[in-house]
Each structure stands twice: as structure tokens, then as C-alpha cells.
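**Student:** This structure is in C-alpha cells; I'll ask about it shortly.
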Amino acid sequence: MEGIYFVWPFVPVMIFPKWRRLFNTNFLLHRNPRALEKRMGSIKAALGDGILTSMWVFSVPLLGVFSSIIAGYVGVEVRSIGGLFITINLAAILVLTFSSIGAAMGGASFNPATTVSFYAAGLKPDASLMSMAVRFPAQAVGGIGGAKAILLVMPEIYRNRLKGPSLKVDLHTGAIAEGIVTFVFNFALLSIMLKGPKYMVLKVWMMAVVTVGLVTTGANYSGPSMNPANAYGWAYVNNWHNTWEFFYVYWVCPFIAAISAASVFRFLFMAPVKQKKA
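Using this note's numbering, the first residue of the sequence shown is number 2, and each one after it goes up by one.
This is how it looks when you write it as C-alpha cells:
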């Protein structure tokens, strides 16, 4: 029974007839050419997500490697304030780079949780449940590719950094911890990007501060991941992807947390749309 969790990210595409038609170009071409164009756009977005996610999962472990190298060069401990400052700035550069790449790829994303959060907040009018049903499996596959790729090239001295998120506590405590850090991350993302400072560089730096702080806080609980696709990639290479524990902690709870963060943000900061009287 455990093996069923391997294919669960791909279930929406497999079981719903309307979503299977997404790949039936002959059906769409004859029935609705505009629908075909829309579906092909979803497939293109999914490919972009898969590529960007693989690059992200490949690059994230390098953040810790370069942080330790630079910290050692300047003579500070990685866990010290100076070391965390180095990590924050490297993380800001990494996120800014990937944000630029994602924008150049037409809005590609490497984190299903943030995709859901922006959708639930009503900030992605062009997105739909159907498009996300295609993009999430692509991100999961991209996570696997990125994890396997970095394992091939990482020097042996740094191989101990390539473990990915894992539970350090009991199941429910880890799930709650992953949910809390994901909620805070997504709420901070929405708040900073929409209500924060004017300059993009400063916004990214503030998100880097939040991210490093949450990773440090959650390290003794669930990793943490805050990114289901990243978690799936490392769970796959560690042969943990086909368990209920992984599914519960690193997909169910983050998605619930992301939707909750978007709902709270909308309640606090976004005025309801007033309908015009007839």
C-alpha cells in the first residue's frame, strides 16, 4: 500500500476525464481551438516549472556549501550572527536570480505551496485548478531531477549536506511544525511582495531573512522544507517518497498552511470586491 504515494502527485491528471483531455490535442483542436491554445499554455508553463524546480533543488545545497566556505574565509562560525548574515545575503542573491529566470520563462515557479498561496489569494487570475494539476507533477519531477543531479557533482567532502528535509520529532509534531513555518513563510511572502517596500531587491532580501530564520527555527523539527517539490525530490532519492508520513508532513500540511496564509492575508489586507448594482 505504501507504493501508492509515489504516484499521488500525478493522480489528478490520470483520474479526471476533463483533465486527461488536456493532452488530447485532436479533441481540443476540433472542439475549441482557443481551449487548445490555453491547454498548450498550461503544458508550456508546466515544462517551465519542471526546469526551474530542478535548477532550484540543484542550487539550494550549494547555498550551505558557499556559506561555510565564505564564513571560514572571514573567520566566523556558520551559526553565528556573522555566518547567518552571509547566508542571508547569498540566499537573497539566489532568490533574486531565480525570480528573474522565472519571470523570463513566463512566470515559472519552483514551489507548489507559493503557487497555491497566490492562487488562493486571488493574485493569479490566469491560473486554474486544471493548470495546477499539470504543474505540480512537473515540479515534483523537477525536484527529483535536481536532487539526483547535485548528488552526481557534489564533492565527497560536502556529501553530508545532501540529505534533504526529514523528521526529527514524532509525526504530528513534525507536521504541525512544517505547517507553521510554511504558513509564516507564505504570509510573509504575500505581505512583503504586496505591502512591503518599493524596491524588489529589498523585498527579496527581507524574504531571505524570513526564510533563513524559519529554516533555522524548524531545523530540529521537520527540516524544514516549505516547498513540497523540493521535499519530494529528496524523499525520492532517499526512498521515503512512497510513505504516508512524507505525504502528510510535506504535502498535506504545507498546502493547508499556504491556503490558510492566503485566506488570512485576504481578510486583513484585501478589500472585498464590491458588485455593481444592476
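All residues carry an ideal CB built from backbone N, CA and C; glycine is no exception.
Using C-beta distances below 8 Å, list every residue in its chain close to Phe99, excluding the 5 sequence neighbours before and after it, in chain order.
**Tutor:** Taking the first residue of the sequence shown as 1, we reach residue 99 at position 98. Non-local beta-carbon contacts of Phe99 in its own chain, meaning distances under 8 Å to residues more than five positions away in sequence, involve Leu53, Met56, Trp57, Ser60 and Phe111 in chain order.
**Student:** Evaluate the contact criterion for the region 161 to 169 versus the region 220 to 229: three or more CB pairs, one atom per stretch, below 8 Å.
**Tutor:** yes
**Student:** Out of curiosity, what's the CA-to-CA distance linking Leu190 and Val154?
**Tutor:** Position 189 of the sequence shown holds residue 190. Position 153 of the sequence shown holds residue 154. So the two alpha carbons sit approximately 32 Å from each other.
**Student:** Can you tell which of Thr183, Pro198 and Ala104 has the C-alpha that lies nearest to the C-alpha of Phe256?
**Tutor:** Within the sequence shown, numbered from 1, the residue matching residue 256 stands at position 255. Closest by alpha carbon: Thr183.
**Student:** DSSP on Phe111, reduced to helix/strand/coil?
**Tutor:** Position 110 of the sequence shown holds residue 111. Three-state result, Phe111: coil.
**Student:** Looking only at its chain, what residues have a beta carbon closer than 7 Å to the beta carbon of Gly147, apart from the 5 residues adjacent to it on each side?
**Tutor:** Taking the sequence shown and counting its residues from 1, the one referred to as residue 147 is at position 146. The answer, listed in chain order, is Thr54, Ser55, Met56, Trp57, Val58, Phe59 and Gly234.
**Student:** To which residues of the same chain is Ala114 closer than 7 Å at the C-beta, ignoring the five residues directly before and after it?
**Tutor:** The residue given as residue 114 occupies position 113 in the sequence shown. If we look at Ala114 and ignore the five residues flanking it on each side, its Cβ neighbours are Thr183, Asn187, Met227, Asn228, Pro229, Pro255, Phe256 and Ala259.
**Student:** Return the first residue and the last residue of the alpha helix (DSSP H) that Gly123 is part of.
**Tutor:** On the sequence shown, position 122 is the one that residue 123 refers to. No alpha helix (DSSP H) holds Gly123; DSSP gives it neither H nor E.
**Student:** Run through DSSP, which three-state label would Met131 get?
**Tutor:** Position 130 of the sequence shown holds residue 131. Helix, per DSSP.
**Student:** Looking at C-beta atoms only, is the number of pairs between the region 70 to 88 and the region 171 to 178 that lie closer than 8 Å three or more?
**Tutor:** In short, these stretches do not touch, since the Cβ pair count stays below three.
**Student:** Below 8 Å, can you find three or more Cβ-Cβ pairs linking the region 190 to 205 to the region 127 to 144?
**Tutor:** no
**Student:** Below 8 Å on the Cβ atoms is my guess for Ala109 versus Tyr120; work out the distance and round it to an integer in Å.
**Tutor:** As a working note, residue 109 is residue 108 in the sequence shown. As a working note, residue 120 is residue 119 in the sequence shown. With 8 Å as the limit, Ala109 and Tyr120 do not qualify as a contact, their Cβ atoms being about 15 Å apart.
**Student:** What residue range is occupied by the uninterrupted alpha helix (DSSP H) comprising Trp245?
**Tutor:** Residue 245 sits at position 244 when you count from the first residue of the sequence shown. Trp245 to Phe248 is the extent of the alpha helix (DSSP H) around Trp245.
**Student:** Which two residues bound the contiguous alpha helix (DSSP H) that contains Asn187?
**Tutor:** For this step, residue 187 is matched to residue 186 along the sequence shown. Asn187 -> alpha helix (DSSP H) spans Leu172 to Lys196.
**Student:** Are the CB atoms of Val290 and Gly65 nearer to each other than 8 Å?
**Tutor:** An answer regarding residue 290 cannot be provided, because it is not within the stretch 2 to 279 covered by the chain.
**Student:** What separation, rounded to the nearest whole angstrom, lies between the Cα atoms of Lys199 and Met208?
**Tutor:** Taking the sequence shown and counting its residues from 1, one reaches residue 199 at position 198. Taking the sequence shown and counting its residues from 1, one reaches residue 208 at position 207. If you take the alpha carbons of Lys199 and Met208, they lie about 14 Å apart.
**Student:** What is the DSSP secondary structure of Trp57, reduced to helix, strand or coil?
**Tutor:** For the purposes of this step, residue 57 is identified with residue 56 of the sequence shown, where counting begins at 1. If DSSP states are grouped into helix, strand and coil, Trp57 belongs with the helices.
**Student:** How many angstroms separate the CA atom of Leu195 from the CA atom of Val265?
**Tutor:** Position 194 of the sequence shown holds residue 195. Position 264 of the sequence shown holds residue 265. In this structure, the alpha-carbon of Leu195 lies about 14 Å from that of Val265.
**Student:** Which residue wins for smallest C-alpha separation from Lys149, given the options Val185, Val216 and Val238?
**Tutor:** Translated into positions along the sequence shown, residue 149 becomes position 148. Cα-wise, what sits closest to Lys149 is Val238.
**Student:** In three-state DSSP terms, what is Phe268?
**Tutor:** Position 267 of the sequence shown, counted from the start, is the residue given in the question as residue 268. Helix.
**Student:** Can you tell me whether Arg160 is buried or exposed? The criterion is at least 16 other CB atoms within 10 Å of its CB, across all chains shown.
**Tutor:** Along the sequence shown, read from residue 1 onward, the residue named residue 160 stands at position 159. Classified as exposed, Arg160 has fewer than 16 neighbouring CB atoms from the shown chains inside 10 Å of its CB.
**Student:** If you draw a straight line from the C-alpha of His242 to the C-alpha of Ile70, how long is it?
**Tutor:** Here the question's residue 242 lines up with position 241 in the sequence shown. Here the question's residue 70 lines up with position 69 in the sequence shown. Going by the C-alpha atoms only, they are around 31 Å apart.
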